[in-house]
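Chains Y and X, in that order, give the protein sequences. Just so we're aligned, residue 477 is where the first sequence starts under my numbering, counting upward by one. Just so we're aligned, residue 74 is where the second sequence starts under my numbering, counting upward by one. We treat Cβ as the ideally placed atom computed from N, Cα and C, and that holds for glycine. The structure presented is a predicted model; accordingly, all values stated were derived computationally and were not measured. Accompanying notes for the structure given below.
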Amino acid sequence: MAHAISVEGLTKRFRRLQALDGISFQVDRATVFGLLGPNGAGKTTTVRVLATIIRPDGGRAEVLGHDVVHDPESVRASIGLAGQYAAVDPNLTALENLRLVGQLTALGRRALHERAWELLEIFGLKEAANRPVRTFSGGMRRRLDVAAALVHRPPVLFLDEPTTGLDIEGRRELWKMIRDLVQSGTTVLLTTQYLEEADRLADRIAVIDGGKVVVDDRPESLKARLGTTVLELTFSDEPTALDALTRIQSMGIQAEAERELVRITTSDSAAVLLNVLRAVDVNGAPPKAISMREPTLDDVFLAITGHHAKAREDQSRPVLSSPQPKGAP
Amino acid sequence: MSQRTAFRHPWTRALRDGVAVARRNLIAYRRVPQLLVFSTIQPVIFVLMFRYVFGGAIRPTGRFPYVDFLMPGIFVQTVVFGSMAAAIGLATDMQSGLLERFRSLPMARSAVLTGRTLADLTRNVGVAVLMSGVGFAVGFRIHTNTVAFLAGMLLVLLFGYAFSWIFASVGLFVGDPEAAQAAAFPVMAPLVFASSAFIPVSSMPGWLQAFAAHQPVSVTATAVRSLFLGGPTANNVIGAVAWCVGILVVAFPLAVWRYRNAV
């Protein structure tokens with residue numbers, strides 16, 4: 477039993493939507509596995525099958541060697557689940573929420589008390605322990621949600637888009653907690669729409685699309701295919717863009733055009749930016765806007781599947797901009 | 074896992090998990106004042122309103138004052154209206170994602186539903202005590218004995234419990250608290266008002282009487298009335314218990330099935 481999680485050819489159909497279309501992957505123990513994909517790719521459905529909330533139509537899934545369909549009781553005893561929305565009771569206090577989960581997972585009274593306070597401490601909720609969750613900020617709720625998933629010390633943890641809606645600081649804090657958990661031997665299956673998040677946390681990333689794994693690789697290899705920076709130049713029209721593309725390519729720089737946009741993915745951004753600017757400066761048709769950013773999920777999709785991720789995320793930060801700011805696609 | 078206490082018998086676990094969930098549902102009454110106000114003030118207002126506003130116009134046959142006729146009906150009406158809490162509560166839990174968490178925990182599968190209905194039952198006990206107090210204060214009297222009175226109250230609670238299971242299913246099928254409320258009212262209104270709860274069925278048009286005389290709210294109100302006021306009791310009580318059992322036999326498996334399969 478080498479793998480903590482093993483998924484093989486899983487299928488699930490909701491009426492007319494093929495949510496899972498033969499998804500397969502393996503997760504090693506005490507590692508973080510990132511399921512990366514846009515909304516509707518099948519991330520949440522995969523987690524719900526693994527958490528025994530829904531039954532798959534076909535295929536096989538095992539958690540620590542227990543089959544999710546034939547032995548759901550054993551699976552439930554070894555997993556923790558923190559969902560997309562904070563699944564805690566707003567009318568209970570933080571402490572009462574953790575106690576409830578502890579009682580339902582049959583922790584003894586003393587162990588439960590200690591464990592609840594330990595988690596409140598770890599997640600920085602000690603001061604708020606006796607306040608109804610209704611009064612919590614989104615970040616506090618999210619932390620409590622993850623804490624609730626850990627009450628019974630599950631060896632396998634499912635985190636379904638755990639940082640959605642968190643600010644940068646909250647995100648960083650949660651990342652650190654996840655790393656600490658893995659250090660202590662927990663296996664984490666993380667779903668996310670953020671390449672950066674998967675890259676920071678995951679030992680392995682599976683990009684999924686349409687209920688299938690399109691690539692399953694180490695983050696380093698994934699990034700090596702992509703470059704570290706995406707440079708995008710927006711021109712006034714398509715012919716100008718194509719003209720610029722020819723010029724840029726003639727300098728030996730790999731680039732591609734999409735309508736009035738020219739995109740360059742590189743690991744040597746400063747030098748490439750200079751050369752690109754020189755190239756397009758020649759015939760007096762400067763770009764309307766230039767942006768430089770880290771690759772996103774969408775870039776991964778473009779590189780691997782040749783099409784855009786369905787739910788797009790624009791995290792570009794413009795470095796130079798002409799007077800008309802409208803221009804980014 | 075060393076710190077887990079072993080529950081050898083699944084029934085023990087089901088009971089403990091159900092009580093844990095019930096306690097969680099009851100805490101909401103402490104934290105959300107509107108919930109408590111709605112479930113206590115509303116029945117009290119009904120008692121006072123029917124006693125003093127409509128009481129003069131409604132003249133039941135028989136030798137008892139209207140308030141004695143009324144109270145059994147109000148008890149039954151209150152637990153029927155109160156059972157809507159199961160629909161709203163479960164729909165809310167479904168929407169918030171809390172049910173997903175429960176379904177991923179190694180807990181008894183029945184606990185979410187038994188916990189919900191047990192909490193409603195507990196609340197009904199409190200409400201029944203409060204209403205009895207108000208009833209006695211406005212002139213309600215028992216014409217039989219304490220044992221019959223308690224038996225009547227037990228019947229009211231059993232009926233409310235059965236109805237909680239109906240609305241547990243409604244909540245799980247609808248999955249949205251507002252929609253659950255909207256779906257519940259058209260079912261409850263005719264059951265409560267086209268019944269013998271507030272007025273004798275004999276005052277209704279003939280076509281309505283057939284429904285009004287045999288539907289569960291009427292049968293139960295009549296049974297409780299006969300326990301409080303005296304007269305032939307056995308058949309009425311058997312009819313009411315039969316309705317409760319019948320409702321449970323249908324609603325219980327339906328709710329459990331829906332809970333297991335709710336997406």
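The segment 678-691 of chain Y and the segment 702-711 of chain Y do not touch, with fewer than 3 CB-CB distances between them shorter than 8 Å. Excluding the 5 residues flanking it on each side, Y:Arg607 has same chain C-beta neighbours closer than 8 Å at Thr569, Ala570, in chain order. For the segment 677-729 of chain Y, the full-length alpha helix (DSSP H) segments reaching 4 residues or more read 695-702, 714-726 along the chain. For Y:Gly510, not one C-beta of chain X is nearer than 9 Å to its own C-beta.
In the three-state reduction of the DSSP assignment, X:Val126 falls in the helix class. Taking 9 Å as the threshold, the shortest C-beta distance from Y:Ala527 to chain X falls below it. Separation of the CB atoms of X:Arg331 and X:Ser242 is rounded to 6 Å, and the pair is thereby assigned contact status at 8 Å.
Each residue's CA atom was taken as its position, placing X:Phe175 and Y:Lys764 some 53 Å apart.
Neighbours of Y:Glu572 in chain X, taken as residues at a C-beta separation under 8 Å, are given in chain order as Arg97, Ile100. Residues of the segment 167-185 of chain X whose Cβ lies closer than 8 Å to any Cβ of chain Y, in chain order: Ser169, Gly170, Leu171, Glu173, Arg174, Phe175, Arg176, Ser177, Leu178, Pro179, Met180, Ala184.
Within chain Y, the C-beta atoms nearer than 7 Å to that of X:Arg104 come from Asn567, Pro608, in chain order. Under the three-state reduction of DSSP, X:Arg86 is assigned to helix.
Per DSSP, the continuous alpha helix (DSSP H) segment holding X:Ile161 begins and ends at 157-169. DSSP places Y:Glu770 in the coil class of the three-state scheme, outside both helix and strand. Exclusion of the five residues before and after Y:Asn751 leaves Met727, Ile729 as the residues of its chain whose Cβ lies within less than 7 Å of its Cβ.
If only complete runs of 4 or more residues are kept, the segment 534-566 of chain Y shows the alpha helix (DSSP H) at 548-553, in order along the chain. When secondary structure is reduced to three states using DSSP, Y:Asp504 falls in the strand class. With respect to Y:Val564, Y:Leu666 sits apart: the two C-beta atoms are not nearer than 9 Å.
For Y:Ala624, same chain residues with a beta-carbon under 7 Å away, outside a window of 5 residues either side, are Val564, Asn573, Leu574, Val577 in chain order.
Under the 10 Å beta carbon count, X:His82 is surrounded by fewer than 16 other beta carbons and is classified as exposed. In this structure, X:Phe148 lies near X:Gly225, with their beta-carbon atoms less than 9 Å apart.
When only Cα atoms are considered, Y:Ile499 and Y:Thr487 end up about 7 Å apart. Collapsing the DSSP output to three states places X:Arg104 in a helix. For X:Thr217, the secondary structure class from DSSP, reduced to helix, strand or coil, is coil. For the pair X:Val310 and X:Ala296, the CB atoms are nearer than the 9 Å cut-off.
Rounded to the nearest angstrom, the gap between the Cα atoms of X:Ile118 and X:Met157 is 18 Å.
The beta strand (DSSP E) runs lying completely inside the segment 212-292 of chain X and spanning 3 residues or more number zero. For Y:Val664, the secondary structure class from DSSP, reduced to helix, strand or coil, is strand. Fully contained in the segment 571-606 of chain Y are the following alpha helix (DSSP H) runs of length 4 or more, in chain order: 585-598. Nearest to X:Ala192 by alpha-carbon distance, out of X:Arg86, X:Arg96, X:Pro289, is X:Arg96. For a Cβ distance threshold of 9 Å, nothing in chain X lies close to Y:Gly641: the least Cβ distance comes to about 13 Å. Assignment of beta-bridge partners to Y:Glu736 by DSSP yields no partner. Note that the segment 593-606 of chain Y touches the segment 623-643 of chain Y; at least 3 beta-carbon pairs, one per stretch, sit closer than 8 Å.
Taking a C-beta distance under 9 Å as the contact criterion, Y:Val551 and Y:Thr528 qualify as a contact pair. Beta-bridge analysis with DSSP links Y:Ser482 to Y:Gln502, Y:Glu538. The residues Ser268, Ser269, Ala270, Val274, Ala285, in chain order, have a CB closer than 8 Å to that of X:Ser291 in the same chain once the five nearest residues on each side in sequence are set aside.
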